[in-house]
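In my numbering, the protein residues as written are 1 to 229. Data block below; observations after.
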Amino acid sequence: MPVPKTVGRIERKFVKEQLYTTLRTWIVDGTLKPDEKVRDVDLAARFGVSRMPVREAFQRLEEDGLVQTAPNRWTRVSPLNLDDAMRIYPIVSTLEAFALRSAGPRASEIDLTKLTDANQQLARTLKTRNAAKATEADRDFHFALVRPAGNPELTAILDQLRVKLRRIEIAYFDRCALADRSVEEHLAIIRALQKGDIDAAVGAVATNWHNGLTRLLGAQTAPAKEQQG
């Protein structure tokens, strides 16, 4: 199991949350590979904790759909499944449209500077082929869209869904031509918001998610290659 050698001990009062967050990050960014078996005893020794908080982290990750377990036999990282993307992309698109419309008067609070900065960061990281940073910038862009809705439950749902999508997007990064297309689609959203045209912004968001799914599904059978924009 390729657990980073630099992992240190976790502070006792934060042990459960830090274990969960660290393992989730490793699964999403590919440090722990799809179908890879993970052992609570190994992780407990690596982090300097008992096996109980590791098992509790496994339980939360299983609820997230990121690990699978066979009781008293094994725990493994869930395999990648593009069927997840086919289900989740339309849901996220719909929820973001709802967030934009439900923001009402607060729509003016959408920070266009944050949107622009996140999109520029996306463009830069795509050029350096840094999948984790690129998907992080994309996440930041979409978070800035939904924040003015002031709906923490909606934000929590979207955050959970985006974790699954980031894992898939990172894994297929080298085979998916996302660069200029995704950046340009974000610019269309920004331009609509600059004009105060929520309908156009909602339409541009739907286009971005629809095209993103199309590109991802097209990458399923494409060989790994240089990213094109």
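A virtual CB, placed ideally from N, CA and C, is assigned to each residue, including glycine. Note that the coordinates shown come from a computational prediction; the quantities given were computed from them, not determined experimentally.
Buried versus exposed, by CB contacts within 10 Å (16 or more), asparagine 81:
exposed
So, for lysine 164: in the same chain, excluding its five sequence neighbours on each side, which residues have a beta-carbon less than 7 Å away from its beta-carbon?
Gly65, Asp84, Ile88
Distance CB(aspartate 35)-CB(proline 79) smaller than 7 Å
yes
Bridge partners - arginine 46, DSSP secondary structure assignment
Answer is none; arginine 46 lacks a bridge partner.
Candidates Phe143, Met52, Ala171, Arg106, of which the one nearest glutamine 160 by Cα
Phe143
Determine the DSSP secondary structure at arginine 73, reduced to helix, strand or coil.
coil
On the DSSP bridge list, what partners appear for threonine 68?
The displayed chain sequence assigns glutamine, not threonine, to residue 68. Bridge partners of glutamine 68: Arg76.
Could you tell me whether the Cβ atoms of arginine 51 and aspartate 40 are closer together than 7 Å?
yes
From valine 205 to alanine 44, what distance separates their C-alpha atoms?
43 Å
Put lysine 37 into one of helix, strand or coil per three-state DSSP.
strand
Within the stretch 167 to 213, ranges of the alpha helix (DSSP H) (whole runs, at least 4 residues):
179 to 194
Can you check which of these residues, Val183, Pro90, Arg162, Arg147, is closest to asparagine 119 by C-alpha distance?
Val183
Let me make sure I understand the geometry here. Which of Thr116, Arg215, Glu185 has the alpha-carbon closest to that of valine 202?
Glu185
How about the stretch 100 to 119 and the stretch 143 to 155: do they share at least three Cβ pairs that are nearer than 8 Å?
yes
Euclidean distance between Cα positions of threonine 207 and alanine 188
10 Å
Under 7 Å, do leucine 145 and glutamate 109 count as touching if we go by C-beta distance?
no
Compute the Euclidean distance between the alpha carbons of arginine 191 and lysine 127, then round it to the nearest angstrom.
23 Å
Taking the beta carbon of glycine 218 as the centre, do at least 16 other beta carbons fall within 10 Å, making it buried, or is it exposed?
exposed
Taking only the alpha-carbon atoms, compute the straight-line gap between aspartate 29 and alanine 171 and give it to the nearest angstrom.
8 Å
Own chain residues within Cβ distance below 6 Å of arginine 167, not counting five before or after:
Val28
Return the CA-CA distance between glycine 150 and alanine 123, expressed in angstroms with no decimal places.
28 Å
My output table needs one value for isoleucine 110: the three-state DSSP class, helix, strand or coil.
coil
Would the beta-carbon of lysine 37 fall within 7 Å of that of tryptophan 74?
yes
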